[in-house]
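Peer 1: Numbering (our numbering), first residue to last: 3 to 425.
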Amino acid sequence: MGVCLRVGLVHGILSRGGWFEDVRRSLHGNFECVPLPYWQFLPPFVVPLFLYPVAILAMVATGLIALAAVLIGSQHVEEVFFTASSLQGISLPGPFLPLIALALVASDETTAQDLVLVAALATTTMALLHLLRRSAMKRVRRQLGRLCGDPRRPHLIAHSMGSWLGVNALLNSDTLSVDRMILAGCVLPRHFGWQRLKGRIGAVRNEVGRLDVVSALAPFIPDLGRAGVDGFRGDRSEVHDVAIPLGECSLCAALDPGDRPLVHNVVLERYGHSDVFLEELHARDLWLPVLWGFPPDSYKEFGAACARLNQLSNDMNWLQAEQKCKELRDQTWPWTTGYSPGNTLGQFVEATIRSRYAKIGRSLPDTDDELADLVSWVIVIAGGHLAMATAQLEMPTYQRDVNLARRLFPQTAIGAAVEDTTV
Ligand SMILES: [Zn+2]
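1) DSSP three-state label for P153, please.
2) Nearest to W337 by CA position, among Q413, E209 and T399, is which residue?
3) Candidates V404, S315 and T339: which alpha carbon is nearest I381's?
4) Report yes if the C-beta distance between V12 and A160 is below 8 Å; otherwise report no.
5) What would DSSP say about G31, mapped onto helix, strand or coil?
6) Pick from P247, Q115 and F43: whose alpha carbon is nearest that of R272?
7) Leaving out five residues before and five after R402 in sequence, what residues of the same chain have Cβ atoms less than 7 Å from its Cβ?
8) Among S252, L178, L117 and S378, which residue has its Cα nearest to the Cα of F350?
9) Say yes only if the C-beta of P247 is nearer than 7 Å to one or more non-hydrogen atoms of ligand 1, and no if none qualify.
10) Please find out if some non-hydrogen atom of ligand 1 comes closer than 7 Å to the beta-carbon of H30.
11) To the nearest angstrom, how far is it from the Cα of V180 to the Cα of L293?
12) When DSSP labels each residue in this structure, what does G249 get in the three-state scheme?
13) If G187 sits next to H242, beta carbons under 8 Å apart, how far is it from one beta carbon to the other, in whole angstroms?
14) Apart from the five residues just before and just after P221, which ones in its own chain have a Cβ nearer than 8 Å to its Cβ?
15) Rounded to the nearest angstrom, how far is the Cβ of R182 from that of G201, given a contact under 8 Å?
16) Suppose contacts are defined by Cβ-Cβ distances below 8 Å. Is S137 in contact with Q42 by that definition?
17) Answer yes or no: the CB of R262 versus the heavy atoms of ligand 1, is any distance below 7 Å?
18) Can you tell me which residues fall inside 5 Å of ligand 1, judged by beta-carbon distance to its nearest heavy atom, and keep chain order?
19) Note the first and the last residue of the continuous alpha helix (DSSP H) segment covering G230.
20) Reducing DSSP to helix, strand and coil, say where I184 ends up.
21) Going along the chain, which residues of its own chain have a beta-carbon closer than 8 Å to the beta-carbon of L16, five neighbours each way excluded?
22) With 16 as the cutoff for other CB atoms within 10 Å, does Y54 come out buried or exposed?
23) Take S239 and list the residues in its own chain whose beta-carbon comes closer than 7 Å to its own, dropping the five residues that flank it on each side.
24) Using the rule of at least 16 other Cβ atoms within 10 Å of the residue's Cβ for burial, across every protein chain shown, is N312 buried or exposed?
25) I want to check one thing, is the minimum distance from the CB of N174 to the heavy atoms of ligand 2 below 7 Å?
26) Using the beta-carbon count (16 or more within 10 Å), is G164 buried or exposed?
27) Along the beta strand (DSSP E) that carries D243, what are the first and last residues, could you check?
28) Report yes if the C-beta distance between L38 and Q145 is below 8 Å; otherwise report no.
29) Please report how far the alpha carbon of R358 lies from the alpha carbon of L376, in whole angstroms.
30) I think A171 touches V216, with their Cβ atoms under 8 Å apart; what is that distance to the nearest whole Å?
31) Is it right to say D287 is buried, meaning 16 or more other beta carbons lie within 10 angstroms of its own, or is it exposed?
32) Is it right to say R364 is buried, meaning 16 or more other beta carbons lie within 10 angstroms of its own, or is it exposed?
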């Protein structure tokens, strides 16, 4: 079992996951990125997907022609049933069968042959798409199954068709489950029955690109939809909309963690289908804290404050450093809540010191003032650790010190700072 929690990455069509490396650079050290590739929607296998809408139109046109033939009238009832049952053998969608069969007997021979050819080609296209998609889903499911062998549930980041494949892999399995799921350029239907996956997914962040043309056209393919451009819809207990991409959900602020909905639509007003991959910073600034369960803006603010504190400390500007440290110490952060004895960073650090010192049999400072000074000192050191961890992100992954990079997680930075005071 690896130290890092694993994150499965699923790409979309016409892609081998060119964005995987950027995401890996942003998460490396804190999460192990594992691509879940599939070949079924690379050229030339992707052709049925693009032909599918044409096939649908062809089927409708064929049906209409057949209907016209029916209106003209037919004298060959026996042939109708024979042709209908023959076509059933190649899985032609039911409603068109009698119409096409009637057209065959009501039209001249050449037209009838054309209709059969069109229907056969359209049916083959539709069947191929379903087969390819099912095959891709099984491949993703098999690979996701390997990640789920770790008792800690993996996360999943899926783009475009990858969202359909990832979610359907879960739907078709009774054993797979993931913690956090990030969807970009999602092509699932807006009214998706997420309750079917209750208990199997911890949280879904659907990044909605308002300029996502691919998602807007997705409903032309069966089972696909516009959730990537319009967001998921559902009861407020199931779906929330977040207008500020880096912000926290205002609706959830008033709810207990257990009452929060599974799905959050996060609106990116000027983003197209793949624009989240234009800047590597997107994965670093948004997805990294989200995978930890933190609002991105809080984490960014904390990182900036720590960087400032570290700079003041390096400059030996002790007066301003002390003021900055005091500000940080009295603030409440998402990663300091829920711990005894309180919610501020200072209280969290003090609890960490008490816990660690008790474990190694080390005495706490004699007075409250000395303990407060120790807390402040730990915050300064933690700020330094966070700054060093941030610097690691600028290095290639093969040169990266994973132990340092892990200190991007605030609790790890604080833990390392407390450890430093015990040496
Ligand atoms: Zn919410």
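Beta carbons: idealized from backbone N, C-alpha and C, even for Gly. Just so it is clear, the structure is predicted and the values come from calculations on it, not from any experiment.
Peer 2: Answer, in terms of the structure:
1) Taking the first residue of the sequence shown as position 1, residue 153 is located at position 151. Three-state result, P153: coil.
2) Along the sequence shown, one-based indexing puts residue 337 at 335. When C-alpha distances from W337 are compared across Q413, E209 and T399, the shortest belongs to Q413.
3) Numbered from 1 along the sequence shown, position 379 holds the residue referred to as residue 381. Answer by Cα proximity: S315.
4) Here residue 12 refers to the residue found at position 10 when the sequence shown is read from its first residue. Here residue 160 refers to the residue found at position 158 when the sequence shown is read from its first residue. Yes, the pair counts as a contact, with Cβ atoms nearer than the cut-off.
5) The residue you call residue 31 lines up with position 29 of the sequence shown. Residue state, collapsed to three classes: coil.
6) Translated into positions along the sequence shown, residue 272 becomes position 270. Nearest in C-alpha terms to R272, of all of P247, Q115 and F43, is P247.
7) The sequence position of residue 402 within the sequence shown is 400, counting from 1. Cβ-Cβ distances below 7 Å link R402 to H30, G31 and Q394 in the same chain, with the five nearest sequence neighbours on each side left out; the list follows chain order.
8) On the sequence shown, residue 350 is found 348 positions in, with the first residue counted as 1. Nearest of S252, L178, L117 and S378 to F350, Cα basis: S378.
9) Position 245 of the sequence shown, counted from the first residue, corresponds to residue 247. No; taking the cut-off as 7 Å, the Cβ of P247 has no heavy atom of ligand 1 nearer than that.
10) By 1-based counting over the sequence shown, the position of residue 30 is 28. Not under cutoff, so the answer is no.
11) Here residue 180 is taken as the residue at index 178 of the sequence shown, counted from 1. Here residue 293 is taken as the residue at index 291 of the sequence shown, counted from 1. Cα to Cα, the separation comes out at about 12 Å.
12) Locating residue 249 in the sequence shown gives position 247, where the first residue counts as 1. Reduced to three states, the DSSP call for G249 is coil.
13) Position 185 of the sequence shown, counted from the first residue, corresponds to residue 187. Position 240 of the sequence shown, counted from the first residue, corresponds to residue 242. Actually they are not in contact, since the Cβ atoms of G187 and H242 sit about 20 Å apart, beyond 8 Å.
14) Residue mapping note: residue 221 aligns to position 219 of the sequence shown, counting from 1. Only P191, G227 and R228 meet the Cβ criterion.
15) For the purposes of this step, residue 182 is taken as residue 180 along the sequence shown, with counting starting at 1. For the purposes of this step, residue 201 is taken as residue 199 along the sequence shown, with counting starting at 1. Actually they do not touch by this definition, with Cβ atoms about 14 Å apart.
16) For the purposes of this step, residue 137 is taken as the residue at position 135 of the sequence shown. For the purposes of this step, residue 42 is taken as the residue at position 40 of the sequence shown. A distance below 8 Å separates the beta carbons of S137 and Q42.
17) As a working mapping, residue 262 is identified with position 260 in the sequence shown. Correct: R262 has its Cβ closer than 7 Å to ligand 1.
18) Checking every Cβ against the heavy atoms of ligand 1 under 5 Å gives H242, C251, L253 and C254.
19) Position 228 of the sequence shown holds residue 230. G230 -> alpha helix (DSSP H) spans A229 to D232.
20) For the purposes of this step, residue 184 is taken as the residue at position 182 of the sequence shown. DSSP, reduced to helix, strand and coil, places I184 within a strand of the structure shown.
21) By 1-based counting over the sequence shown, the position of residue 16 is 14. So the list reads F43, L44, P45 and V48, once near-sequence residues are dropped.
22) Mapped onto the sequence shown, residue 54 falls at position 52. Buried.
23) Position 237 of the sequence shown, counting from 1, holds the residue named residue 239. Once the five neighbours on either side are set aside, the close Cβ partners of S239 are P263.
24) For this step, residue 312 is matched to residue 310 along the sequence shown. N312 comes out buried.
25) Absence of ligand 2 is noted for the structure shown, with ligand 1 being the only ligands found.
26) Your numbering for residue 164 matches position 162 in the sequence shown. Using a 10 angstroms sphere on the CB of G164, the tally of other CB atoms reaches 16 or more, which defines it as buried.
27) Mapped onto the sequence shown, residue 243 falls at position 241. V241 to V244 is the extent of the beta strand (DSSP E) around D243.
28) Taking the first residue of the sequence shown as 1, we reach residue 38 at position 36. Taking the first residue of the sequence shown as 1, we reach residue 145 at position 143. Their beta carbons are under 8 Å apart, which means L38 touches Q145 by this criterion.
29) In the sequence shown, counting from the first residue as 1, residue 358 sits at position 356. In the sequence shown, counting from the first residue as 1, residue 376 sits at position 374. Near 13 Å, if we compare the C-alpha coordinates of L376 and R358.
30) Taking the first residue of the sequence shown as position 1, residue 171 is located at position 169. Taking the first residue of the sequence shown as position 1, residue 216 is located at position 214. In fact, because the Cβ distance is near 21 Å, the residues do not count as touching under 8 Å.
31) Counted from its first residue, the sequence shown places residue 287 at position 285. Buried is the label assigned to D287, since at least 16 other Cβ atoms lie within 10 Å of its Cβ.
32) Within the sequence shown, residue 364 is the residue found at index 362, counting from 1. Label assigned to R364: exposed.
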